[in-house]
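Notes follow the structure.
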Amino acid sequence: MLFDLTRLTAYLLAVLALILTPGPDTMYVLARSLGQGRKAGIVSALGIFVGCLFHIAAAAFGLSALLATSALAFTVVKWGGAAYLVWMGVQMLRAPDAAPEEVRALPALGLRRIFRDGVVTNVLNPKVAVFFLAFLPQFVDASAGSTGLQFLGLGLMFSVTGTSWLVVLAASAGAFGGWMRRNPRVAAWQKRVTGGVFVVLGARLALQRQA
Numbered sequence: 006m007l008f009d010l011t012r013l014t015a016y017l018l019a020v021l022a023l024i025l026t027p028g029p030d031t032m033y034v035l036a037r038s039l040g041q042g043r044k045a046g047i048v049s050a051l052g053i054f055v056g057c058l059f060h061i062a063a064a065a066f067g068l069s070a071l072l073a074t075s076a077l078a079f080t081v082v083k084w085g086g087a088a089y090l091v092w093m094g095v096q097m098l099r100a101p102d103a104a105p106e107e108v109r110a111l112p113a114l115g116l117r118r119i120f121r122d123g124v125v126t127n128v129l130n131p132k133v134a135v136f137f138l139a140f141l142p143q144f145v146d147a148s149a150g151s152t153g154l155q156f157l158g159l160g161l162m163f164s165v166t167g168t169s170w171l172v173v174l175a176a177s178a179g180a181f182g183g184w185m186r187r188n189p190r191v192a193a194w195q196k197r198v199t200g201g202v203f204v205v206l207g208a209r210l211a212l213q214r215q216a
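Throughout the sequence shown, residue numbering follows this note's numbering, covering 6 to 216 in sequence.
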């Protein structure tokens, strides 16, 4: 088996905590939906999904090739990723609580342009690349089988789950955007939970290595 139940459960819980925390993709899809309707929001979510596939493939082929070349180098990548996740988590926990910015409607564009913008902005976003390089290796077990397939499988789980959530948001943009503005404390707690999850993920590898 490529994924044992414990590792897969931990991964899915981390993914859920992340996608439920409002971020740039959430705000963009909501804004596009408010400005042009749910179809435009869904198309933008699909563009983001395709952009994520690029980063998943890059992580899968790049890191699996690295593992084949040097197990030590792969371990260094995992430790660097773990440190990055801890840093992200601490930043979230330390950030002052604030109400989410009001989601503002964006000007209308053609659906093809909306899809293209979603793809291009995601592909060219270095933070997305760094995140996948840091996040996915924490759940890959080189002794369980093909690391490339593990990367692809984990990445697809992440992207399909996240895109499904974005599509739901696009279909209910008006109600959800209003709810976010009326409930800033919920968003603040989501941020704390996600920050805590990242810190735990980053510490997890260190604790396992010490065992």
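Even for Gly, the Cβ is constructed at its ideal location relative to N, Cα and C. Bear in mind the structure is a predicted one, so any value in this text is a computation, not a measurement.
{"Item": "Three-way DSSP call (helix, strand, coil) for ALA36 in this model", "Value": "helix"}
{"Item": "Cβ shell of PHE66 (< 6 Å), same chain only, five flanking positions each side left out", "Value": "none"}
{"Item": "Collapsed DSSP secondary structure at ASP9 in the structure displayed", "Value": "coil"}
{"Item": "Buried/exposed call for ALA50, threshold 16 Cβ in 10 Å", "Value": "buried"}
{"Item": "Per-residue DSSP class, three states only, for ALA114", "Value": "One point to set straight first is that residue 114 is Leu, not Ala, in the sequence displayed. DSSP places LEU114 in coil when its eight states are reduced to three."}
{"Item": "Near the ligand ADP: ASP9 beta-carbon under 8 Å from a heavy atom", "Value": "Among the components modelled here there is no ligand, and therefore nothing to report on the ligand ADP."}
{"Item": "Nearest-angstrom beta carbon gap, LEU157 and ILE61 [assumed within contact, 8 Å]", "Value": "7 Å"}
{"Item": "Straight-line Cα distance separating GLY201 from ALA19", "Value": "10 Å"}
{"Item": "SER139: first and last residue of the uninterrupted alpha helix (DSSP H) it sits in", "Value": "The displayed chain sequence assigns Ala, not Ser, to residue 139. Start and end: 131–140."}
{"Item": "Alpha-carbon to alpha-carbon, MET32 and ARG118", "Value": "18 Å"}
{"Item": "Classification of ALA78 by the beta-carbon crowding that lies within 10 angstroms, buried from 16 upward", "Value": "exposed"}
{"Item": "Reference TRP170, options ALA149, ALA15, VAL128, LEU21, closest by Cα", "Value": "LEU21"}
{"Item": "Candidates ASP146, LEU129, VAL172, of which the one nearest LEU10 by Cα", "Value": "ASP146"}
{"Item": "Outcome for GLN96 when other beta-carbon atoms lying within 10 angstroms are tallied against a minimum of 16", "Value": "exposed"}
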